[in-house]
Structures are given as C-alpha cells and as structure tokens.
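>
There are 2 protein chains.
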Amino acid sequence: MSSARNLTAALRRARVPRPRLALRPIQFTPLTARTFSASTRNADSREIKFTSDAYPNLKRNPNFGEISADDVAHFKELLGSQSAVIDGVTTDATDDIEPFNSDWMRKYRGHTRLVLKPGNAQEVSKVLKYCNERKLAVVPQGGNTGLVGGSVPVFDEIVINTSRMNQIRSFDPASGVLVADAGVILEVADQYLAEHDHLFPLDLGAKGSCHIGGNVSTNAGGLRLLRYGSLHGSVLGLEAVLPDGTIMDALSTLRKNNTGYDLKQLFIGSEGTIGLVTAVSILCPPRPKAVNVAYFGLESFDHVQKAFLAAKGQLSEILSAFELMDGRSQSLVRESTGNKYPLEGEYPFYCLVETSGSNAEHDMAKLESFLESVMGDGIVADGVLAQDETQFQALWRWREGITESLSHLGGTYKYDVSIPLSDLYLLVEDCKARLTEMGFVGDDDSFPVRAVVGYGHMGDSNLHLNVSVRQYNKEVEKAIEPWVYEWIQKRKGSISAEHGLGVAKREFIGYSQNETMVKLMKQLKSVYDPNGIMNPYKYI
Amino acid sequence: MSSARNLTAALRRARVPRPRLALRPIQFTPLTARTFSASTRNADSREIKFTSDAYPNLKRNPNFGEISADDVAHFKELLGSQSAVIDGVTTDATDDIEPFNSDWMRKYRGHTRLVLKPGNAQEVSKVLKYCNERKLAVVPQGGNTGLVGGSVPVFDEIVINTSRMNQIRSFDPASGVLVADAGVILEVADQYLAEHDHLFPLDLGAKGSCHIGGNVSTNAGGLRLLRYGSLHGSVLGLEAVLPDGTIMDALSTLRKNNTGYDLKQLFIGSEGTIGLVTAVSILCPPRPKAVNVAYFGLESFDHVQKAFLAAKGQLSEILSAFELMDGRSQSLVRESTGNKYPLEGEYPFYCLVETSGSNAEHDMAKLESFLESVMGDGIVADGVLAQDETQFQALWRWREGITESLSHLGGTYKYDVSIPLSDLYLLVEDCKARLTEMGFVGDDDSFPVRAVVGYGHMGDSNLHLNVSVRQYNKEVEKAIEPWVYEWIQKRKGSISAEHGLGVAKREFIGYSQNETMVKLMKQLKSVYDPNGIMNPYKYI
Numbered sequence: 099m100s101s102a103r104n105l106t107a108a109l110r111r112a113r114v115p116r117p118r119l120a121l122r123p124i125q126f127t128p129l130t131a132r133t134f135s136a137s138t139r140n141a142d143s144r145e146i147k148f149t150s151d152a153y154p155n156l157k158r159n160p161n162f163g164e165i166s167a168d169d170v171a172h173f174k175e176l177l178g179s180q181s182a183v184i185d186g187v188t189t190d191a192t193d194d195i196e197p198f199n200s201d202w203m204r205k206y207r208g209h210t211r212l213v214l215k216p217g218n219a220q221e222v223s224k225v226l227k228y229c230n231e232r233k234l235a236v237v238p239q240g241g242n243t244g245l246v247g248g249s250v251p252v253f254d255e256i257v258i259n260t261s262r263m264n265q266i267r268s269f270d271p272a273s274g275v276l277v278a279d280a281g282v283i284l285e286v287a288d289q290y291l292a293e294h295d296h297l298f299p300l301d302l303g304a305k306g307s308c309h310i311g312g313n314v315s316t317n318a319g320g321l322r323l324l325r326y327g328s329l330h331g332s333v334l335g336l337e338a339v340l341p342d343g344t345i346m347d348a349l350s351t352l353r354k355n356n357t358g359y360d361l362k363q364l365f366i367g368s369e370g371t372i373g374l375v376t377a378v379s380i381l382c383p384p385r386p387k388a389v390n391v392a393y394f395g396l397e398s399f400d401h402v403q404k405a406f407l408a409a410k411g412q413l414s415e416i417l418s419a420f421e422l423m424d425g426r427s428q429s430l431v432r433e434s435t436g437n438k439y440p441l442e443g444e445y446p447f448y449c450l451v452e453t454s455g456s457n458a459e460h461d462m463a464k465l466e467s468f469l470e471s472v473m474g475d476g477i478v479a480d481g482v483l484a485q486d487e488t489q490f491q492a493l494w495r496w497r498e499g500i501t502e503s504l505s506h507l508g509g510t511y512k513y514d515v516s517i518p519l520s521d522l523y524l525l526v527e528d529c530k531a532r533l534t535e536m537g538f539v540g541d542d543d544s545f546p547v548r549a550v551v552g553y554g555h556m557g558d559s560n561l562h563l564n565v566s567v568r569q570y571n572k573e574v575e576k577a578i579e580p581w582v583y584e585w586i587q588k589r590k591g592s593i594s595a596e597h598g599l600g601v602a603k604r605e606f607i608g609y610s611q612n613e614t615m616v617k618l619m620k621q622l623k624s625v626y627d628p629n630g631i632m633n634p635y636k637y638i
Numbered sequence: 099m100s101s102a103r104n105l106t107a108a109l110r111r112a113r114v115p116r117p118r119l120a121l122r123p124i125q126f127t128p129l130t131a132r133t134f135s136a137s138t139r140n141a142d143s144r145e146i147k148f149t150s151d152a153y154p155n156l157k158r159n160p161n162f163g164e165i166s167a168d169d170v171a172h173f174k175e176l177l178g179s180q181s182a183v184i185d186g187v188t189t190d191a192t193d194d195i196e197p198f199n200s201d202w203m204r205k206y207r208g209h210t211r212l213v214l215k216p217g218n219a220q221e222v223s224k225v226l227k228y229c230n231e232r233k234l235a236v237v238p239q240g241g242n243t244g245l246v247g248g249s250v251p252v253f254d255e256i257v258i259n260t261s262r263m264n265q266i267r268s269f270d271p272a273s274g275v276l277v278a279d280a281g282v283i284l285e286v287a288d289q290y291l292a293e294h295d296h297l298f299p300l301d302l303g304a305k306g307s308c309h310i311g312g313n314v315s316t317n318a319g320g321l322r323l324l325r326y327g328s329l330h331g332s333v334l335g336l337e338a339v340l341p342d343g344t345i346m347d348a349l350s351t352l353r354k355n356n357t358g359y360d361l362k363q364l365f366i367g368s369e370g371t372i373g374l375v376t377a378v379s380i381l382c383p384p385r386p387k388a389v390n391v392a393y394f395g396l397e398s399f400d401h402v403q404k405a406f407l408a409a410k411g412q413l414s415e416i417l418s419a420f421e422l423m424d425g426r427s428q429s430l431v432r433e434s435t436g437n438k439y440p441l442e443g444e445y446p447f448y449c450l451v452e453t454s455g456s457n458a459e460h461d462m463a464k465l466e467s468f469l470e471s472v473m474g475d476g477i478v479a480d481g482v483l484a485q486d487e488t489q490f491q492a493l494w495r496w497r498e499g500i501t502e503s504l505s506h507l508g509g510t511y512k513y514d515v516s517i518p519l520s521d522l523y524l525l526v527e528d529c530k531a532r533l534t535e536m537g538f539v540g541d542d543d544s545f546p547v548r549a550v551v552g553y554g555h556m557g558d559s560n561l562h563l564n565v566s567v568r569q570y571n572k573e574v575e576k577a578i579e580p581w582v583y584e585w586i587q588k589r590k591g592s593i594s595a596e597h598g599l600g601v602a603k604r605e606f607i608g609y610s611q612n613e614t615m616v617k618l619m620k621q622l623k624s625v626y627d628p629n630g631i632m633n634p635y636k637y638i
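Here it is, written out as structure tokens:
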C-alpha cells in the first residue's frame, strides 16, 4: 500500500491530515477463497476429541438400527460405483473415513464407519428410503466447512456426502437463473457465472470448499448479504429428498410463483434435518463492472457506527460490504502473516468498505464524496483505497484472514451473533472484562485465554465474537456460556446469526426462540422425519 | 408531455429521428394509489353472482358449525367494542355486511352474516380458539383488494377483518426495520417511512387500500420486485395466530437469525389458510434520492426483450421497474381517460422504465447512455422522459390505469402468469388468435370478447393476460380454461405468479405444482389446521 497516490482535490478540500487515500477503480475478480491448508485438513484427526465424549449428555438413540454387512452390500449394489461407498464396516477404512468424521476446526468428531456418495436424487432417494425403513441414522454432508458441528456424525450415523452430485445443470443469462447440483463448490459456480457476466449472490471465506447445497441447507449469510440479500429471497427452487425417499421436485426457475405453500423455504437453513437438498435454482445478479475496496482506521465503535450510516446513506445502491474488525483481530493477522499493516498507525477499530457497481466513474465519485465526508468530519481517522487487484486482495485478507490466524493459535470459542447495532461491540468488551476479572486472560502460557476478538458483518448487525484459547478449557467455556447467551437474549439478539445450530448451539435455542416456536419446530420435524433419522443429536 | 425539451448531446449523436426525450431528474414522491372509486365500491353488491352459484362444485362443509345467537353474544363480549362486531345473525345488517362479502372486481360474493374486527393478536387468538372448538369457519380479510376471491367468504364463514389492527409499532432508521400491525394500509406505512427517508420494499396499484398483512399473506409482488426482491427475503419476522389460538411470536427484527426452521416463511403467501398474520417486521431500503421514468414505443416484442436486456445491463443497480404494456392496453386507457397519448405515433408495444438511485446526476448519465444506445440501435422507436412530478405520475398512469380502464368495460378474465421471457407475449397472441378463430372477438356488442390485452412486470417475467368481455360468459371461459393453463404448463410457467390461488385458481394448481408438492402442501395444511376452518374452499 506504500505506493498510495496523493489526495484527490475533494479530499484536499476536506483537509485530511494524512494523505494516504488514492482513488482509482479496479477490475473485479472474485476473492481468492480461504483454502483449508493441508496441515489443517490432513492432520491426524484421531487427536480430536470425540463429540460423544465432549457432550456426554448426548446418548445414541437406541431406536436406531446398527449397520450390518448386509446393509453395506445393499448400498454397494445400489450405488454401483466403487468410489461411491467408503466401507469401514466390513473393511478397515479408518484413514479414508476420518476426514468425513471430523470437522476442519478439529472440534467435532464422530464414529461413522460408512460414507455414501450418491450420484443423483434418485440414488439419494433409494438410500434414504432404505435407511428410513431400517432406522439407520444419516448425516447429510457437503463440503464439511460448517462451524457448529452440523455436518459430521456424533455416533455411527451414515455420512451421505454430496460431492458426486456436482454438475451445473443450466444457466439462463436473460433471467440470471442458475440451476446446479447440490455438490457444486461455491467457487466453481461463481467462476462459471463469471464467464457469463453474472455473480453468485453469496460469498464467504470457505468458498473454495463449501457446496452450494450446504450453503442453502445452512442458510449461509457471508460477506455480501448486505447487497444481495438472504437466500430465502434468491433461491427460486430446490430439489430435495425426504427421509422416506420422496423426491421433492420444487426446482422452479421462476422469479414469481404463488401457487401454494412455499415449502422449499423450510429446507433453507434446516441443516439437513428434514431432507437432503440435491439441487438448487438460484437468481444471480449481473456481475459488477467496477469494484472498490477501502480500509479504514477508526478511534471508537461510535465512529464505526457513524461511518456505517454514512456509507449506507451515501454509497447506497453500490455498497456491497461493510465489515468490522477490531484492533486485536488485525494484530493477530499481522502476527500470523508477518504482513505490514495497511495503515501507519494503530487503531482500536478497522472497517472494510466495498462498493460494486456498473459504472467505475460514478462509483468512484460516490466513494470520493463519501471519503471526503467521513474523513472531513473526523469519523475515519485514516484510510487506504485499493488501487489494483493485488491491493484489493491484500486488503480483503485483513478481514478474511482472521479465522485462519486464530486457527493457528490453538482453540477458539466462536460465537456468531446478531445484536442491535448500537450494542454490537459491547458484547466483546463485556466478555473480555468478564474473562479478565476471572483471571483467564493473559499474555503468557499460564493463562488459558490469549485474546478476545470481535469482527463481523457490520452491515447485517452480525458480530463474530471469538475467544482464542491456548487449548479448549471447560472452565473458560463455563465462564462464557450461558452468560453470552443471556447477554444476547436480553437484547433480543440471535445466538446464531449465520452459522446455524448444529451440535454447538442446539441446547441454547431457547435464548433466541420462545417455547411456542420451539414446539412448532419440533412438530414440523416429526411430520417430515418421524423416525428422526436425519442428522440426529443436532438442531432442535 | 408537450413541453418536452430538446435532445441531449448524447441523443443528438445517436441521430434519433424524433427529438422527444428530455433529461431532467425529478424528486421522488410515491405514486398516487389506485383508488377504488365509490361507484365500484358502493354499487349494490347484491347484483354480484354468489360464488356458491358460480362454482356449483363447491359445497358447504357439513362438519362446520352454524353460527348461533349465542356465538354472536360471545364475540360481542369478547371484543367489547361496538364497532368490532357487525352482526347480521341477530339483526338485519345486510347493507353493512355486503362490502365484506364481495370483492372489488364484483366477481366473488359470499353469504357471511358476521364480521369481526379484533384489535390485537390476543383478541384474534380468543376468536380463533373459540371458532376452532366450535368448528366455525373463518376468512381472514385485510383490505379486500385481492384478485382471486381469496379474501371473501363463499358460504357463511365469519370474516375476521384486520382493519382495527392498524398501528405502526416501531421503526429503526439505523437498520431500516419497520414493525407494524397487519392492518396498516400499505400507503400509510410507506408515507410514514418517507418521513424517515425510507421506502416500503413493495408497491402496487392497490396501495391506498391493501393491508400489509394481506400483502404478506398473499406474497404480493408488485411493481418493484425487480429491485427490492421478494417478501420472502425482506420480511424479517411475523406475528401470527394459528387456528387453535396459539400466538406465534416470530416478530424478530434481526436480519440474520439461523436458529431453527424459518416457520414464518410458511405464512408468506399461504393466503390465510394456516393462520392469521397480525404483525409484520420488514426490512426497508433507504428512499431513493432521484427517480426517473421513461416511456417507450417499440415495434415488436423482440425489441422489448432487447430493451429489457439493455436496461438490465446498463441501468443495472438503479433499474427499479421495467413494465410492459401492449398497444391495446394503452388504447383502452386512452379511451377511458380521454388523455392524449404520451407519444405521437402508435406502437404495438410500450414499456415503462424507472430508475431509482442515490445520485441524480449519475442516474441521469446512466439513463442518457442507455437511451442513446437503445434509440441509436433502433431498439426503441420513440420515447419520452418525465421531467417533473406531474409527468412522472402521468406516465405511470398509462401503466397503472389499465386495470381500472378494463373494469369500466364489463367483466375481465384475468390471468397472472409467469413464463420464460422469450415466450412471454406469445401467450397473448395465441389466446387472441384462438378466441378470434372461435368467433368470440369483435367490435360490436354481438361479440362477447371486446379485447385481449397483455401487460405486466417484464423484469420478473410476469405477464397479466386480460380478456375483456362484455359480460362474464361461460363459453368464453371454457375456451380459455384449461387451454391457458396447459399452454403455461408446457413452458414450465406458473399459473399464478403473484395473485395467488384463492377460489379462482385452486383447482388448477396441478398445472404448476406436481402431485408430490400438492400432497406435501395438504399434509402441512392438516398439521396446522386439522379442522380446516381457515379460509376454506380456497387455495389447496
């Protein structure tokens, strides 16, 4: 960033003290996805504690059948292909199966001995029908990039992995509607769309690994929900298989279709507990012709709020991301990457503001005027604007790199919460004060907690509170939970804004949903999955 | 429009033959809503045919209770207020009750003798619990502006009208979230938001009468879905009362909340068949600072498609409406209003293009460049751009006035369909050819069909096919149905894009939903409403 050009006339008029902002639009290319490094992915997962040990209150449901050699033979015949069945029942396939048993955060680990990879909805239907009759429990699994242990087994549930359903079925440039199999990787879908000047209306760190079926099943939010909205609005149709083998073909490509209950909505965000999504039809916006990203240093959270309101008002229809990072999150990225800060000084808060539009000149004029106002008014203390693709990627890494930087340090207690904007960062401050008072926080190895970090999607009022620990520690966990959930409940927030419930949050649902809602959810689960075989021990 | 200024330099370069386009941004104010004229509203509704006669296959469900004087006394005590009960059971209140029995199109008419107007969710709960126990059927009713007979009774169902639940509960300008009672009129909500520089993310002709609870219950689409998306994306929370009296408080104001099944989605578009929506929480965008509207004449539907793709590509994030009107629809408006056409010549197709943005100068530059390209390339034959509020309103009336112009002519068979864009207008041509061949279409009164008209929301691939008849005629109806539904089914379209099912479309659902989906919908209905008391004889 040291090559930043000098101030524009507009900024000069605003008498900004340090002339670091330079304005030049750059061409848009997608972010480089967070790659799950080999060290994380291939590490011996047997070191990870079993979920059944970490959650001793979870007991295997005695109504579920035990997988027999006959079952395995049946599945092998049914799916035909050699690569479609990983059999740890009649053979020793532990090493092949372990990656499907555990999650990338090394926090959840199941005991499955069977992984199935059906190739289409018909095969999924046959598998589920058989499992339902035999009462064999299953876990639908996409790219296995979830954060709440929702996509790995707890006991011996059969993993049904979607990776062999990976075809793009159609794309219509006139309407922008993409139809694709559930197992298509998000980045692959987006690259395909890029060739047709369109954009997948969802972007998130795990895009290089996650499957779009998993995105839909978890109602993923990500970096640009602010601009492109929720999947409940953009998903036009779904194909899903119900536990009894019924194939639900609701794969409409129509933007409007008011003919009956919109049942597909139930499968968006239900984490594979009432059915397995096998294909998705989704409305994709035209790819923006110009994208800009700015990175700010700010003196307080009050300044961050003011900057956000100014961005919303002034950047309006071209604002595509407004991300918050606290000072500690950025020092962690610096420590783990060794990179120099984008700004000269250090600040308690940083923001990343992205614009996406159809006219580079207009976008730059709006951005310039916005920068003039927030810097002129002293809302933003210092800032830098990416001037080329490399700088664009580099700035985004200061936001995107936080998760990985934390993962290098040991364990992380992750809380993904939604709180009214004015109180958003107060949670981090209160949590840090509490853990400090309790003697848990410190710089040397005698303290369990290394850092209390806050960052997230300011534009969606969505905070990621991360407590970085030297190792997972029950005392620390007890100090945070249920305190954190009570704190959120008091403010009518959500204990899981975008990560979902999985194993991690299921018992805390009552902090964000009232008894009536939980009762209605359980009723729905029993209607669709009376035997409870779909992703058990999770969700509600 | 005669004061239109001369061409901009850009347009001059494009050598447009007739210099009618003048470019000046105007301030945005909401459209004047379609007012339901007194003549339509207060006409003697006893002339309208009873729905039970028009649909002789509908029989009153013998399991339903008959309303007694005791029931009426119970409701009077329960609701307290004199104005909350219109009692045609123990008194002769026919005249007071008739407006709740019939729809504004004068097409549907029920036999109710009781109208209840509860004041809040608790009162709705008590009413529904009692009705459910007594098996008294009910019809939820908002502004009664629907087009498919969904909001009026068929037999003696009790009307539960939401007009007394009409308070705006809260608005947060930082997040843009509005919480309001179901009975707030759409235009009232939008005017309230205008005072806070925000916009209701839905706009439609009936805004002066329709209730936002009804909008949500019918998943209304309207004029700007293209820009602000579906209610499935913008509605953040709902309060609804289930048939057994359970109050479902899912009135979240959070943009993200992944804690369990998103049950509120089921109430969006379910036409009051599983519960009655009593309040809505909705995400509202900042009000645009500049709005422009242009009106084009085009030589063919192929030109219309090209103009739409050009608008999507070039106007991109500021495009807020792209409406299609055929030549016949515009001549009907001219005949009924006596107004002079906005353009000098006559064309087979017209489009209305609206932009909404945050910067008048930028929007105008984009619009100018768009106009230069579509007029320079000969896609648009002639056009005019509104230069002030009066002209803005006047141009919109050529689109908004079609429904009312048709209503002056006699009856209208209305089809609200979604079809892939390339075939959108073919339906009108095929329908007209069919009815002409069958000898139904002609200028003098011996022909039952006066006109076959097509218009609609091009941006959503949503066509309104209207067959204007001198009076409702079973022969004509039989010539159109089920032919029109088969035509749509072949193209995988929707037989009801935004109007819903109601009485009008219920028996045709199979043309847009497969058997599995219909079975799953019926299962859901029986879960929520086992006695079937909610809005019976309609929907599925």
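In order, the protein sequence lines correspond to chains F and X. Counting from 99, one number per residue, gives the positions in the first sequence under our numbering. Counting from 99, one number per residue, gives the positions in the second sequence under our numbering. Every residue, glycine too, gets a C-beta built ideally from N, C-alpha and C.
Report yes or no: is there a C-beta of chain F within less than 8 Å of the C-beta of X:S610?
So yes, X:S610 belongs to the interface.
> Could you compute how far the alpha carbon of F:P197 sits from the alpha carbon of F:D185?
Looking at the two C-alpha atoms, the distance is approximately 14 Å.
> One question on the structure: do F:Y359 and X:L622 come within less than 8 Å of each other, judged by their Cβ atoms?
Yes, Cβ-Cβ distance for F:Y359 and X:L622 is below 8 Å.
> According to DSSP, simplified to helix, strand and coil, what is F:H562?
Three-state DSSP puts F:H562 in a strand.
> Might you give, ordered along the chain, the residues of its own chain that have their beta carbon closer than 6 Å to the beta carbon of X:G240, omitting 5 neighbours on each side?
So the qualifying residues of the chain are T260, H309, G311 and G312.
> What residues in its chain sit with their C-beta under 7 Å from that of X:T210, if we drop five residues either side in the sequence?
Excluding positions up to five away in sequence, the list reads I195, F198, N199, P251, D254, E255, I256 and V257.
> Is F:H562 close to chain X, meaning its C-beta is less than 8 Å from at least one C-beta of that chain?
Not one chain X Cβ lies under 8 Å of F:H562.
> Taking Cβ-Cβ distances shorter than 7 Å, what residues in chain X pair up with F:E415?
Near F:E415 (Cβ distances below 7 Å), the residues of chain X are E415, I416, G455 and S456.
> With a threshold of 6 Å on Cβ separation, who are the neighbours of F:S350 within its own chain once the five nearest residues in sequence on each side are excluded?
Taken in chain order, the residues that qualify are L334 and G335.
> Going along the chain, which residues of its own chain have a beta-carbon closer than 7 Å to the beta-carbon of F:W585, five neighbours each way excluded?
L525 and D528.
> Taking 8 Å as the CB-CB cut-off, is X:A392 touching chain F?
No, its Cβ sits nowhere closer than 8 Å to a Cβ of chain F.
> So which residues on chain X does F:E596 lean against when the C-beta distance must stay under 7 Å?
K354 and N356, listed in chain order.
> According to DSSP, what are the bridge partners of X:L321?
Paired residue(s): none; X:L321 is not in a bridge.
> So, using beta-carbon positions, are F:Q412 and F:S467 closer together than 8 Å?
Yes, Cβ-Cβ distance for F:Q412 and F:S467 is below 8 Å.
> Tell me, please, whether the segment 229 to 248 of chain F touches the segment 358 to 377 of chain F by the rule of three or more beta-carbon pairs shorter than 8 Å.
Touching, yes.
> Got a sec, what are the start and stop residues for the alpha helix (DSSP H) F:N199 sits in?
Note, F:N199: alpha helix (DSSP H), T192 to N199.
> What do you reckon, are the CB atoms on F:D486 and F:G443 nearer than 8 Å?
No. Outside cutoff.
> Ignoring anything shorter than 4 residues or poking outside the segment 500 to 573 of chain F, list the alpha helix (DSSP H) runs there in chain order.
Those alpha helix (DSSP H) runs which fall completely within the segment 500 to 573 of chain F and span 4+ residues are 524 to 535.
> Just to confirm, are F:P634 and F:N159 a CB contact at a threshold of 8 Å?
Taking 8 Å as the Cβ cut-off, F:P634 and F:N159 qualify as a contacting pair.
> Looking at the C-beta of F:N629, does it have a partner C-beta in chain X at a distance below 8 Å?
Not an interface residue.
> Tell whether a beta-carbon distance below 8 Å holds between F:K620 and F:V246.
Result no, Cβ atoms of F:K620 and F:V246 do not sit closer than 8 Å.
> Given this structure, state the Cα-to-Cα distance separating F:L441 from F:A595, to the nearest angstrom.
F:L441 and F:A595: Cα-Cα distance of roughly 31 Å.
> What number of angstroms, rounded off, separates the C-alpha of F:S414 from the C-alpha of X:V451?
Distance between the alpha carbons of F:S414 and X:V451: 20 Å.
> Would a check of beta-carbon distances place F:I586 closer than 8 Å to chain X?
Cβ-Cβ to chain X under 8 Å: no for F:I586.
> Thinking C-alpha only, which one of X:L364, X:E605, X:Y637 and X:L422 is nearest X:V551?
X:V551 has its Cα closest to that of X:L422, out of X:L364, X:E605, X:Y637 and X:L422.
> Assuming F:V339 and F:T376 are in contact, meaning their beta carbons sit under 8 Å apart, how far apart are those beta carbons, in whole angstroms?
The Cβ separation is near 6 Å, so the contact holds.
> Do you know how far the Cα of F:A318 is from the Cα of F:T133?
Because the pLDDT at F:T133 is just 34, under 50, the model does not fix this residue reliably, and the value given afterwards should be weighed accordingly. Roughly 18 Å separates the two Cα atoms.
> DSSP puts F:V250 in a beta bridge; with which residues?
Bridge partners of F:V250: none, in fact.
> Going along chain F in order, which residues have a C-beta closer than 9 Å to the C-beta of X:A463?
Chain F residues near X:A463: N457, E459 and H460.
> Could you work out which residues of chain X lie near F:I638, taking near to mean beta carbons separated by less than 8 Å?
Per Cβ cutoff of 8 Å: G358 and Y359.
> Quick one: residues in its chain with C-beta nearer than 8 Å to the C-beta of F:S273, no 5 flanking neighbours on either side, listed in chain order?
Hits under 8 Å: T351, R353 and L381.
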